Amino acid sequence: MIIVFFGPPGSGKGTIASIVKKELGIPHISTGDLLREEVKNKTDLGIKAKSYMDRGELVPDDLVLEVLKRRIEKPDCKNGFILDGYPRNVEQAKTLDRTFKIDYIFNFVLSEDEIIRRLSNRRICPKCGAIYNLISMPPKTPGICDQCGTALIQREDDKPEAIRERLKIYKEQTEPVLEYYGDRVINISTENGFTASKRASKQILKIIRGEI
Ligand SMILES: [Zn+2]
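The working numbering applies: residue 783 is where the sequence shown begins, and numbers increase by one.
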């Protein structure tokens, strides 16, 4: 079972992936995380990828695909996987179609206002990396990490202006890919409330199990 997730930052994609992967018993593969891991482990592919990242360039498609293929050969992928962050462009989408048979493509949809509301309330711990949300998941003591007691910060990336810019880039990248997939894309709303991710996960599982 090969599933592809699309969703802007703040769409709840990570939460949904963590629920769906558990239910289906298949791993969630984020190509961004994979690349960072290869770099960290200084593998041959990681060293190559880093040379692009250090120059502020995008890691080339064939290198990303190679990293992905290597990950997919691991035994936990034998029943399938959820792909996140790939394909990023139509070329990658075509390559993916030539390489695998994709079963489901889900696209998480919500308004820009809601995304900004969610992300601008996000706070992270600079020490241990714990993530909080002032509305849906506040720390026990305001401004302080529950895990390690460090003062929480807002990432530059999570300020409204930066969010708008990230969304603009996301749209520019993703729209052509969604267009390429056409009616193979299943849109799932994650607009309303804190339970949106849970609801979306249930909906996805029902679709996969043929219940709706
Ligand atoms: Zn912490």
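Glycine is no exception: its CB is placed at the ideal position from the N, C-alpha and C atoms.
Please read all numbers here as calculations on a predicted model, not as lab measurements.
Taking the alpha helix (DSSP H) that residue i falls in, what are its first and last residues?
i: residue 989; result: 978-990
i: residue 801; result: 795-806
i: residue 945; result: 942-963
I need the boundaries of the beta strand (DSSP E) containing residue i, first residue and last residue.
i: residue 967; result: 967-971
i: residue 905; result: 904-906
i: residue 812; result: 810-812
i: residue 887; result: 886-891
i: residue 913; result: 913-915
i: residue 785; result: 784-788
Among the options, which residue has its Cα nearest to the Cα of residue i?
i: residue 940; options: 971, 913, 844; result: 913
i: residue 800; options: 844, 840, 865, 860; result: 865
i: residue 883; options: 805, 991, 786; result: 786
i: residue 816; options: 805, 832, 911, 806; result: 832
i: residue 821; options: 985, 973, 808, 835; result: 835
i: residue 861; options: 911, 992, 788, 810; result: 810
i: residue 952; options: 917, 880, 897; result: 897
i: residue 972; options: 982, 930, 966; result: 982
i: residue 795; options: 970, 988, 994; result: 970
i: residue 879; options: 977, 966, 925; result: 966
i: residue 894; options: 852, 944, 932; result: 944
i: residue 978; options: 784, 797, 788, 783; result: 797
For my contact list, residue i and residue j are in at a C-beta cut-off of 8 angstroms; report their separation, rounded to the angstrom.
i: residue 825; j: residue 868; result: Rounded, the Cβ-Cβ distance is 18 angstroms, inconsistent with contact.
i: residue 793; j: residue 890; result: 4 angstroms
i: residue 901; j: residue 791; result: 6 angstroms
i: residue 937; j: residue 917; result: With a Cβ gap of about 17 angstroms, residue 937 and residue 917 do not count as contacting.
i: residue 837; j: residue 955; result: Not a contact, Cβ separation roughly 20 angstroms.
i: residue 877; j: residue 845; result: Wrong, their Cβ atoms sit about 12 angstroms apart, outside the cutoff.
Nearest-residue set for ligand 1, Cβ under 5 angstroms from any heavy atom: 907, 909, 910, 912, 927, 929, 930, 932
What ranges does the alpha helix (DSSP H) occupy inside the region 814-881, keeping only unbroken runs of at least 4 residues that lie completely in it? 826-836, 843-854, 872-881
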